[in-house]
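Numbering (this note's numbering), first residue to last: 106 to 305.
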């Protein structure tokens, strides 16, 4: 059972490594690709969380079924003990001897069933502790992914603002060029007018 939890934990670790790889590539991709990375990280986070919870529920249901079956066997054995105990003094000596043997056998079966029940309860408690530890780890890792996602979102916003600033500067630069060309044209025209007025 702990192997199933370890499997889901390994899958979650792989998802984290993939998310960290995408985060490290933020400076080498465009804005659209960064948004795709964000969606991918968020989807992997939700998928791993659902898988972990579903696996935990299935494992607990299996343990509960095992304990229920063992408990029913225990009740059946107890009923047999009570049945033979109430009749052993009313039968003859041969039947009483056979009943005592049956009672001893039932007592042994009862003890084995009780031991299996205790073992099942112990396994269930150990499984619950393992599940609790893994869920705590998953919550911590989810917080790390959320922090990385927020950092990536902030970086994306900074890049968008930088792009807008560059576009604005480009437009202003173009406008300044046209203004400079206009001033030069006016100066040339004035020079021609001055020269024309002198020689006319």
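Each residue gets a CB set at the ideal place from its N, CA and C atoms; glycine is no exception.
Linking residue 227 to residue 216 through their CA atoms gives a straight-line distance of about 16 Å. Here the alpha carbons of residue 269 and residue 286 stand approximately 26 Å from one another.
Between the alpha carbons of residue 246 and residue 252 lies a distance of about 10 Å. Here residue 236 is buried, its C-beta having at least 16 other C-beta atoms within 10 Å.
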